[in-house]
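Note that our numbering gives residue 399 to position 66 of the sequence shown, counting from 1, and the numbers run on in steps of one.
All residues carry an ideal CB built from backbone N, CA and C; glycine is no exception.
A quick note: this is a predicted structure, and the numbers were derived from the prediction, not measured.
This report refers to the structure that appears directly beneath it.
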Amino acid sequence: MNQPRKKTQILVVDDNKSVRLNLQSSIKEMGYLAYTAKDGKQALSIYQEIRPDIVLLDAIMPEMDGYEVAVEI
Numbered sequence: 334m335n336q337p338r339k340k341t342q343i344l345v346v347d348d349n350k351s352v353r354l355n356l357q358s359s360i361k362e363m364g365y366l367a368y369t370a371k372d373g374k375q376a377l378s379i380y381q382e383i384r385p386d387i388v389l390l391d392a393i394m395p396e397m398d399g400y401e402v403a404v405e406i
């Protein structure tokens with residue numbers, strides 16, 4: 334019995350809203366599920382909830398940068 338394939342889930346983390354929305358739009362156009370987070374703290378929360386397949390992190394963000402998020406993940 335063939336099970337339907339789960340769509341790849343991608344989390345985009347960037348403090349720049351236009352970057353987040355542009356990447357989200359492009360990812361959705363390619364047929365993937367796209368989620369966004371505006372900062373590292375929100376990214377960790379969303380990560381725990383959905384366990385995405387891919388996380389795209391902005392390296393430089395206020396408070397918690399992408400490097401710190403990567404270590405936590």
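For the putative contact between Pro395 and Asp347, defined by C-beta atoms under 8 Å, what is the C-beta separation to the nearest angstrom?
-> Not a contact, Cβ separation roughly 12 Å.
Endpoints, beta strand (DSSP E) assigned at Tyr368 | Leu366 to Ala370
What are the residues that DSSP puts in a beta bridge with Ile343?
-> Ala367 and Ile387
Just mark Tyr400 as buried or exposed, buried being the case when its beta carbon has 16 or more other beta carbons within 10 Å.
-> exposed
Assign Asp386 to one of two classes, buried (16 or more other C-beta atoms within 10 Å of its C-beta) or exposed (fewer than that).
-> exposed
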